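See structure below.
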Amino acid sequence: MDAAVVPAVEVEDLTVAYTGSPVLWDLDLQIGPGTRTAIVGPNGAGKSTLIKAVMGLIEPVAGAVRIFGKPGREVRGSIAYVPQRATLEWDFPTDVLDVVTMGTYGRLGWFRRPGPSERAIAEAALEQIEMSSFAHRPIAQLSGGQQQRILLARALAQDAEIYLLDEPFQGVDAPTERAIVRVLDDLATAGRTVVVVHHDLQTVAEYFNHVALLNVRIIAAGPVATTFTEENLRLTFGGRVGVLAARAGSV
Amino acid sequence: MNPEVEILLIAVVTSVACAMPGVFLVLRRLALVSDAITHAILPGIVVAFFLTGSLTSPLLVVAAAATGVLSVVLIEAVHRTRLVAEDAATGLVFPAFFSLGVVLVTRWAGKVHLDTDSVLLGELAFAPFDRFVVGGADLGPVALWMMSGILLLNLALIVVVSKELKLATLDPALAAVLGFSPVVLHYLLMTAVSVTAVGAFSAAGSILVVALMIAPPAAAYLLVENFRPMLVVSAVLAALGAVGGYGLARWLDVSIAGSMAVVCGLIFAGAFTFGPERGLVSQFRRRSAQRVEFAARLLAVHLLHHEGTEREDVECAVSNLNVHLGWSEPAVGRAVAFIVARGMTVDKGGVLHLTEAGRRFAEDLTAGVAQPGSV
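Going down the list, the protein sequences come from chains A and B. Here the first sequence stands for residues 20 to 270, numbered as in my numbering. Here the second sequence stands for residues 43 to 417, numbered as in my numbering.
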C-alpha cells in the first residue's frame with residue numbers, strides 16, 4: 020500500500036486471548052480507504068474476534084487499533100457494525116423502522132429522542148435495501164434474510180465511513196444476497212470502506228477487491244488478484260480443504 | 043380519605059410501579075433476577091429497620107436498594123469466574139442474602155414489629171396506620187407517598203432512557219459501540235428494580251412483588267406488538283390486577299397482596315389463552331384453518347390428476363374420497379366445503395369437477411412442485 024495513504028483500519032500487533040491461548044496472535048493488518056476487503060479463514064480462525072476487537076467490544080491483550088490514524092476508542096461511532104444476526108433479540112416488540120432508526124442513535128447521543136429527520140434517514144436506508152414495504156412489520160415476523168437486510172439498513176442509517184459486516188451472507192436467500200451485494204457496490208461507489216467476514220470462497224473474487232486470509236495470524240493480505248492464490252488458501256485452511264481451494268482458485 | 047380507598051390507591055400505585063421496570067425484566071429475560079433482588083433486599087431492610095424503626099423511611103429504601111444492587115453485582119462476579127453458570131450464580135447468591143435476612147429477623151423478632159409472615163407476604167391492610175404528617179397536617183399514608191414517588195421515578199427513567207434501554211435490550215453490542223454502555227444501563231435498571239421492590243415490600247412482601255413485576259408485562263407482551271403499547275397495557279393490567287385483587291380480598295376476606303398476585307396471574311392466563319394473535323385459542327384456530335386449506339389444495343390436485351380419466355367418476359366421487367385419500371370423513375367434508383365455497387369445484391351428482399378457477403389453482407400448485415427450489 021502507498022505509504023502516504025492513511026489506512027482506514029490499521030491493526031498493529033494485536034493479540035486477543037479468551038482463556039489463556041490466543042485467538043488472534045500478533046496481528047498486523049492495514050485496510051485501505053475505499054477498498055472492499057473479505058476476511059477469510061477457517062472456523063475458529065478469529066474472524067469475528069478481529070471484527071469485535073476493531074469495534075472495541077473485546078479488550079485486546081496487546082496491540083492497537085487505529086481508525087484513519089486515530090486510536091480506535093475515539094472514533095468508533097464512525098464505524099457501522101453489522102453483527103451476526105443471531106446476536107439480536109428478535110422477539111423484542113417493535114417494528115422494522117424502529118430498529119433501522121437505531122442506526123441514528125449514535126449521532127443523537129444520550130437522552131435525545133429520534134425525530135422526523137432520523138425517521139427519514141431510516142426510511143431512505145430501508146429503500147436502499149428494498150425493504151420499504153416492511154417498515155411497519157414486527158421484527159419477530161422476519162425471515163433470516165429479511166433480518167440480515169434490516170441490519171444492513173440500520174448500518175446504512177449510521178452513515179459511516181467504514182462498514183464492518185460479520186458473515187452477512189450466512190444462510191440468506193439468493194434475493195437477499197443480491198440485495199446486499201448491490202448495497203456493497205453502492206458503498207464502494209461512494210468511497211466507503213467495507214470489510215466483510217466471508218465464508219464462501221467461490222464469491223470472494225466477484226464481491227471483493229482485497230482479501231485478508233486469517234488463521235489466528237494473518238497468512239496473507241492484499242489485492243484479491245495477487246493474494247487469493249491456491250498456495251495462500253492452503254496455508255490458511257491446511258490440506259484438508261484442498262478441493263475447496265482448487266475450486267476457488269479456478270474462479 | 044377512608045382507609046379502604048387509601049388501601050386501594052396504594053395497591054394500584056404499587057402494582058403499576060412494579061410493572062414498569064417489569065416490562066424491561068420480561069424483555070431482557072431477567073424475570074428471575076427480580077426474584078433474586080426482592081429476596082436479597084431483606085437483610086438491608088432488616089438492618090435499616092433496626093436503625094430507623096420504620097418500614098417506610100427513605101434511609102431504609104436506600105439501604106435496602108443498595109443490598110439489591112449488591113446482590114446483582116455479586117451474581118455477575120460469581121458468574122464471571124466461569125466456574126458457575128448465571129442461573130446457578132443467581133440461585134446461590136440470593137438465598138444467602140435472604141437467609142441472612144431471615145436469621146436477623148428471627149434473632150430480634152421479639153424486639154421489633156417485623157415478623158416472617160409480613161416479610162414474605164406483606165400486609166397492605168396495615169399500610170394506612172403509618173401516616174405522613176407535616177406540621178400537624180395529615181397528608182395521607184406514608185406508603186402511598188412513597189410508592190407514588192417510586193412510580194414517578196420509574197416513569198422518569200423510562201421517559202429519559204427508553205431509547206437507550208431499548209437498544210441495549212435488542213442489541214447490546216451496538217449499544218456498546220454507539221457509546222450507550224449496556225453495563226451502566228443494566229445497573230440503572232437493577233437499581234430501579236431494587237428501589238421498587240423495597241417500596242413494594244411493605245405492601246406485597248418479598249415473594250408476591252415478583253408476580254406484580256412479571257405477570258402484567260408478560261401478559262401485555264402477548265397482547266401487543268410494539269414497545270410503547272406494551273408499557274401502557276402493562277400499566278393498565280397492573281392497575282386492573284390491583285383493583286380486582288382488592289375486590290377479591292374483600293369478598294373472600296383474605297390477604298390483599300395474595301389476591302392481587304392471584305388476579306395478576308389470572309390476567310396472564312387470560313392473555314395466554316385468549317390473546318388475539320399469540321393466544322393458545324387463536325393459534326389453534328389458525329393451525330386448523332391451515333390444515334383445512336392444505337387439505338383443500340391436495341384435494342384440488344387430486345381432482346386435476348384424475349380429470350378426464352376413465353376412473354374419474356370413482357376417484358372424484360365425494361363418497362370415495364375418504365378411502366382414496368386416507369382421510370377421515372369429517373376431514374374430507376371440510377376440504378370439500380372449502381374448495382366448493384371458493385368456487386373451485388362443483389358437485390355434480392356426488393362427483394366433484396374442477397371449475398376453470400380450480401383448474402388454474404391446481405395447475406399452479408403442481409407447477410411449483412415440478413420445479414423444486416424455484417422462487
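Note that beta-carbon positions come from the ideal geometry of N, C-alpha and C, so glycine has one too. Being a predicted model, the structure only gives us computed values, none of them experimental.
Note to self: Please give me, in chain order, every unbroken run of the beta strand (DSSP E) with length at least 3 that falls completely inside the segment 135–208 of chain B.
What the structure shows: Correct list: 173–176 and 179–183.
Checklist line | Residue interval of the alpha helix (DSSP H) (run including Thr94 of chain B) | finding: As a position in the second sequence, residue 94 of chain B is number 52, starting the count at 1. Segment Ala73 to Thr94, the alpha helix (DSSP H) holding Thr94 of chain B.
Note to self: For the structure I just gave you, are there three or more beta carbon pairs, one from the segment 180–200 of chain A and one from the segment 209–224 of chain A, closer than 8 Å?
What the structure shows: Three or more Cβ pairs closer than 8 Å define a contact, and the segment 180–200 of chain A meets that threshold against the segment 209–224 of chain A.
Notebook entry, point to check: Interface residues of chain A around Val202 of chain B at Cβ under 7 Å?
Noted result: Here residue 202 of chain B is taken as the residue at index 160 of the second sequence, counted from 1. Against Val202 of chain B, the close residues of chain A are Phe130, in the order they occur along the chain (beta-carbon pairs closer than 7 Å).
Check: Straight-line CA distance for Gly95 of chain B to Ile200 of chain B?
Finding: Indexing the second sequence from 1 puts residue 95 of chain B at position 53. Indexing the second sequence from 1 puts residue 200 of chain B at position 158. Approximately 32 Å, taken between the alpha carbons.
Next item on the list: Keeping to the same chain, check which residues put their C-beta closer than 8 Å to that of Ala291 of chain B; ignore five residues upstream and five downstream.
Entry: Counted from its first residue, the second sequence places residue 291 of chain B at position 249. Here Ala291 of chain B has Ser297, Ile298, Gly300, Ser301 and Met302 as same chain residues with Cβ atoms under 8 Å from its own Cβ, once five neighbours each way along the sequence are excluded.
Notebook entry, point to check: Given that Arg95 of chain A touches chain E, what residues does it touch there, using C-beta distances under 7 Å?
Noted result: The question asks about chain E, but that chain is absent: this structure's protein chains are A and B.
Margin query: Assuming the contact rule is C-beta atoms closer than 8 Å, Ala72 of chain A and Leu48 of chain A should be a hit. Round their C-beta distance to whole Å, please.
Written below: Numbered from its first residue, the first sequence carries residue 72 of chain A at position 53. Numbered from its first residue, the first sequence carries residue 48 of chain A at position 29. Their Cβ separation, rounded to whole angstroms, is 11 Å, which puts Ala72 of chain A and Leu48 of chain A out of contact at 8 Å.
Next item on the list: At 7 Å on the CB atoms, spell out the chain B contacts of Asp114 of chain A, in chain order.
Entry: By one-based count along the first sequence, residue 114 of chain A stands at place 95. The CB of Asp114 of chain A comes closer than 7 Å to the CB of Asn268 in chain B, given here in chain order.
Next item on the list: Would you check if there are 3 or more beta carbon pairs closer than 8 Å linking the segment 252–262 of chain B to the segment 271–281 of chain B?
Entry: The answer is yes - the segment 271–281 of chain B touches the segment 252–262 of chain B, with three or more Cβ pairs under 8 Å.
Notebook entry, point to check: By Cβ distance below 6 Å, which residues in the same chain neighbour Ala348 of chain A in space, the five residues on each side in sequence not counted?
Noted result: The first residue shown for chain A is 20 and the last is 270, placing residue 348 of chain A beyond what the model contains.
Check: Can a CB atom of chain A be found closer than 7 Å to the CB of Ala61 of chain B?
Finding: Taking the second sequence and counting its residues from 1, one reaches residue 61 of chain B at position 19. Interface flag for Ala61 of chain B against chain A is unset, since no Cβ pair is found closer than 7 Å.
Notebook entry, point to check: Going by DSSP, which residues form a beta bridge with Asp185 of chain A?
Noted result: Along the first sequence, read from residue 1 onward, the residue named residue 185 of chain A stands at position 166. DSSP output for Asp185 of chain A lists A:Val216 as bridge partner(s).
Notebook entry, point to check: Quick check: the segment 114–124 of chain A against the segment 212–224 of chain B, are there 3 or more CB pairs under 8 Å?
Noted result: Yes: the two stretches touch, three or more of their Cβ pairs being nearer than 8 Å.
Note to self: Please identify, using Cβ separations under 7 Å, the residues of the segment 96–112 of chain A that lie next to chain B, in order along the chain.
What the structure shows: From the segment 96–112 of chain A, only Gly96, Tyr100, Pro102, Thr106, Leu107, Glu108, Phe111 and Pro112 have a Cβ closer than 7 Å to chain B.
Next item on the list: Give every residue of the same chain whose Cβ lies closer than 7 Å to the Cβ of Pro85 of chain B, excluding the five residues on either side of it in the sequence, and list them in chain order.
Entry: The residue given as residue 85 of chain B occupies position 43 in the second sequence. Within the same chain, Pro85 of chain B has close Cβ partners Thr109, Phe139, Leu142, Gly143 and Leu146.
Notebook entry, point to check: Is Leu194 of chain B buried or exposed, if buried means 16 or more other CB atoms sit within 10 Å of its CB?
Noted result: By 1-based counting over the second sequence, the position of residue 194 of chain B is 152. By the neighbour-count rule (16 or more Cβ atoms within 10 Å), Leu194 of chain B is not buried but exposed.
Check: Can you name the residues of chain A whose CB is closer than 8 Å to the CB of Phe222 of chain B?
Finding: Taking the first residue of the second sequence as position 1, residue 222 of chain B is located at position 180. By Cβ distance, chain A contributes Tyr124 and Trp129.
Next item on the list: Out of A:Gly96, A:Tyr226, A:Gly91 and A:Leu170, state which residue places its alpha-carbon closest to the alpha-carbon of Asp204 of chain A.
Entry: Start at 1 with the first residue of the first sequence, and residue 204 of chain A comes out as number 185. When only C-alpha atoms are compared, the closest one is A:Tyr226.
Item checked: Close Cβ partners of Val55 of chain B (< 6 Å) along its chain, the five nearest in sequence each way excluded -> Taking the second sequence and counting its residues from 1, one reaches residue 55 of chain B at position 13. Closer than 6 Å at the Cβ level, and outside the excluded window around Val55 of chain B, lie Met189, Ser190 and Leu193.
Next item on the list: Please name the residue in B:Trp150, B:Ser113 and B:Thr148 whose C-alpha comes closest to that of Val135 of chain B.
Entry: For this step, residue 135 of chain B is matched to residue 93 along the second sequence. When the alpha-carbon of Val135 of chain B is set against those of B:Trp150, B:Ser113 and B:Thr148, the nearest one is in B:Ser113.
Margin query: Any C-beta of chain B within less than 7 Å: which residues of the segment 152–175 of chain A qualify?
Written below: Only Pro157 from the segment 152–175 of chain A bring a Cβ to less than 7 Å from some Cβ of chain B.
Checklist line | As assigned by DSSP and simplified to three states, the class of Glu128 of chain B | finding: As a working note, residue 128 of chain B is residue 86 in the second sequence. It is helical.
Next item on the list: Could you work out which residues of chain A lie near Glu48 of chain B, taking near to mean beta carbons separated by less than 8 Å?
Entry: As a first step, residue 48 of chain B must be located in the second sequence, where it is residue number 6. For Glu48 of chain B, there are no neighbours in chain A by C-beta distance under 8 Å, as the nearest C-beta there is about 35 Å away.
Item checked: Helix, strand or coil at Asn234 of chain A according to DSSP, with G and I counted as helix -> As a working mapping, residue 234 of chain A is identified with position 215 in the first sequence. Correct three-state label for Asn234 of chain A: strand.
Next item on the list: Find the nearest neighbour of Pro63 of chain B within the set B:Leu273, B:Gly247 and B:Leu265, judged by alpha-carbon distance.
Entry: Within the second sequence, the letter at position 21 stands for residue 63 of chain B. Ranked by Cα distance from Pro63 of chain B, the options B:Leu273, B:Gly247 and B:Leu265 are led by B:Leu273.
Check: Counting only beta-carbon atoms, is Met150 of chain A nearer than 7 Å to chain B?
Finding: On the first sequence, residue 150 of chain A is found 131 positions in, with the first residue counted as 1. Chain B contact via Cβ: absent.
Notebook entry, point to check: Val184 of chain B to Trp129 of chain A, Cα distance in whole Å?
Noted result: Against the second sequence, residue 184 of chain B aligns to sequence position 142. Against the first sequence, residue 129 of chain A aligns to sequence position 110. In a straight line, the C-alpha of Val184 of chain B is about 34 Å away from that of Trp129 of chain A.
Check: Would you report the Cα separation of Val42 of chain A and Ala64 of chain A, rounded to the nearest angstrom?
Finding: To locate residue 42 of chain A, count along the first sequence from 1; it is residue 23. To locate residue 64 of chain A, count along the first sequence from 1; it is residue 45. The straight-line gap from Cα to Cα measures roughly 7 Å.
Margin query: Could you tell me the alpha carbon to alpha carbon distance between Pro102 of chain A and Val237 of chain B, rounded to whole angstroms?
Written below: Locating residue 102 of chain A in the first sequence gives position 83, where the first residue counts as 1. Locating residue 237 of chain B in the second sequence gives position 195, where the first residue counts as 1. Approximately 35 Å between the Cα atoms of the pair.
Notebook entry, point to check: Could you check where the alpha helix (DSSP H) with Tyr226 of chain A kicks off and where it finishes?
Noted result: Working through the first sequence from its first residue, we reach residue 226 of chain A at position 207. That run of the alpha helix (DSSP H) goes Val223 to Tyr226.
Next item on the list: My understanding is that Ile238 of chain A touches Thr255 of chain A, with C-beta atoms under 8 Å, so please give their C-beta distance in whole angstroms.
Entry: Locating residue 238 of chain A in the first sequence gives position 219, where the first residue counts as 1. Locating residue 255 of chain A in the first sequence gives position 236, where the first residue counts as 1. About 5 Å separates the two Cβ atoms, so the contact holds.
Next item on the list: Assign Ser76 of chain B to buried or exposed, taking buried as 16 or more other Cβ atoms, counted over all protein chains shown, within 10 Å of its Cβ.
Entry: Position 34 of the second sequence holds residue 76 of chain B. Label assigned to Ser76 of chain B: buried.
Note to self: Using a Cβ-Cβ cutoff of less than 7 Å, which residues in the same chain neighbour Ser244 of chain B once the five nearest sequence positions on both sides are dropped?
What the structure shows: Position 202 of the second sequence holds residue 244 of chain B. Here Ser244 of chain B has Leu97, Thr98, Gly164, Ala169 and Ala185 as same chain residues with Cβ atoms under 7 Å from its own Cβ, once five neighbours each way along the sequence are excluded.
Next item on the list: Please work out which residues of its chain come closer than 8 Å, Cβ to Cβ, to Thr37 of chain B, disregarding the five sequence neighbours upstream and downstream, and give them in chain order.
Entry: Because chain B here runs from 43 to 417, residue 37 of chain B falls outside it and cannot be looked at.
Next item on the list: With 9 Å as the C-beta to C-beta threshold (strictly closer), list the residues of the segment 214–241 of chain A near chain B in chain order.
Entry: Within the segment 214–241 of chain A, no residue has a Cβ that lies closer than 9 Å to any Cβ of chain B.
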